[in-house]
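Q: Mind having a look at this structure? Questions to follow.
Numbering (the numbering used here), first residue to last: 1323 to 1484.
Here it is in structure tokens:
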């Protein structure tokens, strides 16, 4: 009697999962997301500072002369320093720029003195002035800042090859 080749069978499911992951995650080496350019790899950065409970966190990813490095720290102590994939960084830079523009329209640098979850988002694009916005994460009804932080932390777990 033949075994049924069900998709839930680990011998079928695992190869399909791996094929889907690697097949969908491949990108062209010279691909650049729209609204950002290879010039942004010369000199640009994204930094998010935020507070959770009693801890102050800092996530910074910066490109200088084509090399992208990330820093993740808590209470001014480094947790991680790592090279970041340039394509992943350009996507992150695009998203951070978009979120910053969106928050500027909504928040207008609101008062944060009584805020328990403050954040400061800073974006520097190549050849453009430094842009930043401060706010309270609890007032970000769409959760954009939290998702940006998650995506930034995920950069540290991607292979650092370009």
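For every residue, glycine included, the Cβ atom is placed at its ideal position computed from N, Cα and C. All of these numbers come straight from a predicted model, not from anything done at the bench.
1) Considering only the alpha carbon of each residue, which of 1368, 1369, 1373 lies closest to residue 1437?
2) Can you tell me which of 1467, 1476, 1472, 1440 puts its alpha carbon nearest to the alpha carbon of residue 1376?
3) Does at least one heavy atom of the ligand HEM sit under 7 Å from the Cβ of residue 1363?
4) Measure from the alpha carbon of residue 1454 to the alpha carbon of each residue in 1472, 1396, 1423, 1462, then state which is nearest.
5) Quick check: what's the CA-CA separation for residue 1446 versus residue 1367?
6) Just reading off the alpha helix (DSSP H) that residue 1469 is part of, what are its end residues?
7) Does the distance from the CB of residue 1370 to the CB of residue 1468 come in under 8 Å?
8) Across which residues does DSSP place residue 1458 in a beta bridge pair?
9) Can you tell me which of the three DSSP states residue 1397 falls into?
10) In the DSSP assignment, what are the bridge partners of residue 1379?
A: A quick look at the data gives this:
1) 1373
2) 1440
3) Looking at this structure, you won't find the ligand HEM or any other ligand, since it has none at all.
4) 1423
5) 5 Å
6) 1466 to 1476
7) no
8) 1440
9) coil
10) 1372, 1396
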